[in-house]
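Scroll down for the structure; my scribbles are underneath it.
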Amino acid sequence: GDSVTQMEGPVTLSEEAFLTINCTYTATGYPSLFWYVQYPGEGLQLLLKATKADDKGSNKGFEATYRKETTSFHLEKGSVQVSDSAVYFCALSPTSGSRLTFGEGTQLTVNP
Amino acid sequence: SAVISQKPSRDICQRGTSLTIQCQVDSQVTMMFWYRQQPGQSLTLIATANQGSEATYESGFVIDKFPISRPNLTFSTLTVSNMSPEDSSIYLCSVEDVGHNEQFFGPGTRLTVL
């Protein structure tokens, strides 16, 4: 079945550092890929998505590129802020309107 | 994106009781889902709430334990029945309009069972 694997956390960075959170997936066909963010005490917010190979999703300075050849969707940000501290989830959906399969989540803490 | 509300936002319940969680969307949506997030864990899909028919449950989840209703395209309920401490989790509803390929989540219901 479908699965998503994220890099182990937690990740601790200083403000303005470069962020990479690795995500790889296993799925048949061409799933859509997502990054969600969960701030403390809140629900999930969709951060960005990509629906086909080589698509780049971007939002709020975060980027991720859909790499079919390496089955990866790594999240990057050039300069993190304290306000980026949250749990980040990578997820996939095989088709529109179907279930999301989530990775384990990565806790990010950014220190001033 | 749709605005999703859940009630209650949190609750503390006694073992053996049941709790019904409501999910309300500000617009009609095709798909509604219920997920569980156990403490420190990722999200697991409980079921897809189908409008006007029985929900579709994932492996490991049964209707007797998690009955779901969806009377229209903007509202759904999830009941956690005969609760035990292992049911302590965050329960989240999500919605998607087919063709939009984006799921949006409610704020979640934090349930603690004593």
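Note that the protein sequences, when read in sequence, are chains A and B. All letters in the first sequence, in the order written, are residues 1 to 112 by this note's numbering. All letters in the second sequence, in the order written, are residues 1001 to 1114 by this note's numbering. Using N, Cα and C, we set each Cβ at its ideal position, and we do this for glycine too. Everything numeric in this text was worked out from a predicted model, so none of it was measured.
The three-state secondary structure of S83(A), taken from DSSP, is helix. Under the Cβ criterion (8 angstroms, minimum of three pairs), the stretch 1067-1082 of chain B does not count as touching the stretch 88-107 of chain A.
Here C1013(B) really is in contact with M1083(B); their C-beta atoms are around 6 angstroms apart, less than 8 angstroms. Scanning the stretch 1034-1087 of chain B from its first residue to its last, the whole beta strand (DSSP E) runs of 3-plus residues come out as 1043-1049, 1068-1072, 1075-1080.
Cβ-Cβ distances below 7 angstroms link T24(A) to T5, T71, S72 in the same chain, with the five nearest sequence neighbours on each side left out; the list follows chain order. Fully contained in the stretch 33-97 of chain A is no alpha helix (DSSP H) run of length 4 or more.
Here S1042(B) is buried, its C-beta having at least 16 other C-beta atoms within 10 Å. Residues L19, G61, F62 of the same chain have their beta carbon placed closer than 6 angstroms to that of K77(A), with the five preceding and five following residues left out of the count.
Excluding sequence positions up to five before and after D1087(B), its CB lies within less than 8 angstroms of the CB of V1080, L1111, V1113, all in the same chain and listed in chain order. In the three-state reduction of the DSSP assignment, T28(A) falls in the coil class. What Q1103(B) touches in chain A, judged by beta-carbon distance under 7 angstroms, is L100, going in chain order. The beta carbons of L48(A) and Y36(A) sit no closer together than 7 angstroms.
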